[in-house]
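All remarks here apply to the structure that follows.
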Amino acid sequence: MMNSPEDTRSTAIAIEGLRVRRGRVEVLHGLDLHVPRGQVVGLLGPSGCGKTTLMRAIVGVQKVKGGTVSVLGQPAGSAALRHRVGYVTQAASVYDDLTIRQNLDYFRRVLGAARADVDSAIAATDLQEHAGRLVSSLSGGERSRVSLAAALLGSPDLLVLDEPTVGLDPLLRVELWALFHRLADAGTSLLVSSHVMDEASRCDRLILMREGAVLADATPEELLAETGAADAEGAFLALLRRRHARHALTEPEDAAAEEADEAEATEATEATEPANGSDRDHRHDHRAAHEEEAR
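Start counting the sequence shown at -14; every next residue gets the next number (our numbering).
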């Protein structure tokens, strides 16, 4: 489903019925969500809940089974989005044998960005003192900042950041979140994933995930008001308990319905089954053949 012009002006990411499978396992179960423009939206949930898979679908590098993903009014992965979306993966996506400045200058030329963007990105990520160092000599947190600096080149309209604060000291985390909000104030849309619930309060909006499904999509204030919790972690647990309670109520009903269907089918079979054993055996073989073909 395509967004209307009004939607694309206010929505950075629109997802309808997104399903992703890996082998025989479905890892995203028909997700529906919208990320507004010009906000810092947190994507929170435990490791393995599908955050990275969702982000890969948004930037167009994940094969999807069904649904639609629209980014800035274009299908995810479109060539038109190449210079408009910045993506930071969990693993640093920079070259170990180049310095920080050489890395950024290389990516700057690939993107066709201005030379001044390199200095701006270095300053924004507090890497001025390390700009001449080889990436191979940096700590994990410093490498993550280099990847973020590369994503800032060219001033993208959307930043998709997969756990960008992992491995950073508390002071630098605070500074990066301040940077995220400055970017949002200037019109950039940010989707920032984390499994650290105490970062929820730093977001304008929250998407909480669990086992490939969205538990909530709301502002932090709305989430706390709905659940009566004191913080995001408490809200997450409250939503999880509600979900388990709903499943506990529906599962017995589903099981009873299945038993009733099986009993009805058995009665119908017994009422219509012929007395002749050879006919019965022939019908059984015929059904088995059909089942084998279906498999």
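We put the beta carbon where it would ideally sit given N, CA and C, even for glycine.
Burial of E127 is indicated by the presence of at least 16 other C-beta atoms within 10 angstroms of its C-beta. As summarised for the stretch 84 to 171, the continuous alpha helix (DSSP H) elements at least 4 residues long and confined to that stretch are 85 to 96, 101 to 109, 125 to 137, 155 to 170, given in chain order.
The C-alpha of H229 lies about 12 Å from the C-alpha of L200. At a Cβ-Cβ threshold of 8 Å, R6 and G15 do not count as neighbours. Sixteen is the threshold: when 16 or more other Cβ atoms of the shown chains lie within 10 Å of the Cβ of R41, as they do, the residue is buried.
For P31, the three-state secondary structure derived from DSSP is coil. Beta-bridge partners of R22 (DSSP): none assigned. Beta-bridge analysis with DSSP links V199 to M194.
With contact defined as three or more Cβ pairs closer than 8 Å, the stretch 96 to 106 and the stretch 76 to 83 are not in contact. When C-beta atoms of the stretch 60 to 67 are compared with those of the stretch 162 to 173, fewer than three pairs fall below 8 Å, so the two segments do not count as touching.
Here the stretch 24 to 42 makes contact with the stretch 172 to 189; the two share three or more CB pairs at distances below 8 Å. C-alpha of E211 to C-alpha of C188: approximately 17 Å in a straight line. Per DSSP, the continuous alpha helix (DSSP H) segment holding R41 begins and ends at 36 to 44.
The stretch 102 to 110 makes contact with the stretch 138 to 158, as at least three CB pairs between them are under 8 Å. Secondary structure at T(-4): strand, using DSSP grouped into helix, strand and coil. Annotation: G197 to H115 spans about 39 Å, alpha carbon to alpha carbon. In the three-state DSSP reduction, G15 falls in the strand class (E or B).
Remark: C-beta atoms of L157 and P149 do not approach each other more closely than 8 Å.
Per DSSP, L175 is one residue of the beta strand (DSSP E) stretching across 174 to 179. Judged by DSSP in its simplified three-state form, L57 adopts coil rather than helix or strand.
Separation of A136 and T204 (C-alpha to C-alpha, rounded to the nearest whole angstrom) is 26 Å.
Here the C-alpha atom of Q87 lies approximately 19 Å from the C-alpha atom of G71. When rounded, the separation of the alpha-carbon atoms in L146 and S174 is 11 Å.
Taking 8 Å as the upper bound for CB-CB distance, L224 and L191 are not in contact here, some 11 Å apart.
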